[in-house]
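Taking my numbering, the leading residue of the sequence shown gets 18, the next gets one more, and so forth.
Note that beta-carbon positions come from the ideal geometry of N, C-alpha and C, so glycine has one too.
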Amino acid sequence: IRVGSYFYRVVGVLRERMPTGGTGGSQAAEDYNHDVYIPLETNRVRFGETIVVRTAGSFIREQVELSQLTLTVSDIEKVRPTGDLVRDILSKHLRPDWAVTVPLDRLEEAERSKARYQMLLVLIASISLLVGGIGIMNIMLATVTERTREIGIRRALGAKRRDITVQFLIEAVVQTTLGGLLGVVVGLSVVFVVPALASIWELKLPARVHVPSIFISLAVAVTVGMLFGWYPARRAAHLDPIEALRHT
18 IRVGSYFYRV
28 VGVLRERMPT
38 GGTGGSQAAE
48 DYNHDVYIPL
58 ETNRVRFGET
68 IVVRTAGSFI
78 REQVELSQLT
88 LTVSDIEKVR
98 PTGDLVRDIL
108 SKHLRPDWAV
118 TVPLDRLEEA
128 ERSKARYQML
138 LVLIASISLL
148 VGGIGIMNIM
158 LATVTERTRE
168 IGIRRALGAK
178 RRDITVQFLI
188 EAVVQTTLGG
198 LLGVVVGLSV
208 VFVVPALASI
218 WELKLPARVH
228 VPSIFISLAV
238 AVTVGMLFGW
248 YPARRAAHLD
258 PIEALRHT
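Okay, structure coming up:
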């Protein structure tokens, strides 16, 4: 690519990041998504030393310096130890003309907000699963009532209670699994359609598909079917065959 009067070879593209700063203080938000990073030595060769001119009244001082070094850690628990380590290293090798800023309060607040958001999602998902499970149970109970005579005939022909239980459990699991598959299809559609629509208005909405979540959601659907289908299945299995045959 060409930047200014020079050409550069692209060796990597950074993952898109949300703007940082600009919240809860006077610091302006910084958007790193349009930045181009080049090696420091390349910068010195092409542009010479970076000269920073600082003025204090009539005093002017020129100094070659790096304005900022940004470190990223993998875990919030490592933020404070990493900051202490950087301070210790700089204090041994450089003059005390630097400052180490550890935005720990902002990170902790972000973690708390993330935890609250996740708890809200878990609560909503739990309520949805409970309502859906009760709906499945009611449907299966209605099915047992409608098929009472069929159950009596099967029992009269030698079907065991276990066979009836397994039959209705499978039916309940099939219903919840189909519902889970439909939810996965709708979710994937939203993941791909919404960013495409947002791009029309020049908005960037990064979206990712977390594959393990798909299998987890299907496993949850199967579990809900087994839990809420158990009572109707047991009720069907314990019907008296003679009374079931009399049912019209």
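Taking the C-beta atoms as reference points, V53 is found no nearer than 7 Å to V96.
For V119 and F185, the gap between their C-alpha atoms comes out near 59 Å. A distance below 7 Å between beta-carbons, with the five flanking residues on each side excluded, links R34 to the following residues of its chain, in chain order: Y49 and N50. Secondary structure note for T240: its alpha helix (DSSP H) is the uninterrupted segment V228 to A254. Contact check between the stretch 169-183 and the stretch 225-237: fewer than three CB pairs, one atom from each, fall below 8 Å, which does not count as touching. Residue environment for Q135: exposed (fewer than 16 other C-beta atoms within 10 angstroms of its C-beta).
Residue state for V20 is assigned as strand, using DSSP reduced to three classes.
Look at Q135 here: in three-state DSSP terms it is helix. Look at Q85 here: in three-state DSSP terms it is coil, with no helix or strand label. For L174, there is no enclosing alpha helix (DSSP H), as DSSP gives it neither H nor E. With a threshold of 16 other beta carbon atoms within 10 Å, Q85 falls short and is exposed.
For V117, the secondary structure class from DSSP, reduced to helix, strand or coil, is coil. Our two residues, K109 and V139, have alpha carbons roughly 48 Å apart in a direct line. Contact holds between the stretch 255-263 and the stretch 167-174, because three or more Cβ pairs, one in each stretch, are under 8 Å apart. Contact between G246 and I153 is confirmed by a C-beta separation of about 6 Å, below the 8 Å threshold. Y49 sits in a helix when the DSSP states are folded into three classes.
For R263, the enclosing alpha helix (DSSP H) covers residues P258 to R263. Taking C-alpha positions only, V239 is separated from A224 by approximately 27 Å.
In the structure shown, the three-state DSSP call for G100 is helix. Of the residues V241, H227, L220 and L147, the one whose Cα lies closest to the Cα of Q192 is V241. If you ignore the 5 residues before and after A250, its C-beta comes within less than 6 Å of the C-beta of T182, F185 and L186, all in its own chain and listed in chain order. In the three-state DSSP reduction, S91 falls in the coil class, being neither helix nor strand.
Taking the C-beta atoms as reference points, L222 is found nearer than 7 Å to A215. For A189, the number of other beta carbons within 10 angstroms of its own is at least 16, and it is reported as buried. By the criterion of a C-beta distance shorter than 6 Å, N155 is surrounded by no residue of its chain, once the five residues flanking it on both sides are discounted. Taken through DSSP and simplified to helix, strand or coil, A142 comes out as helix.
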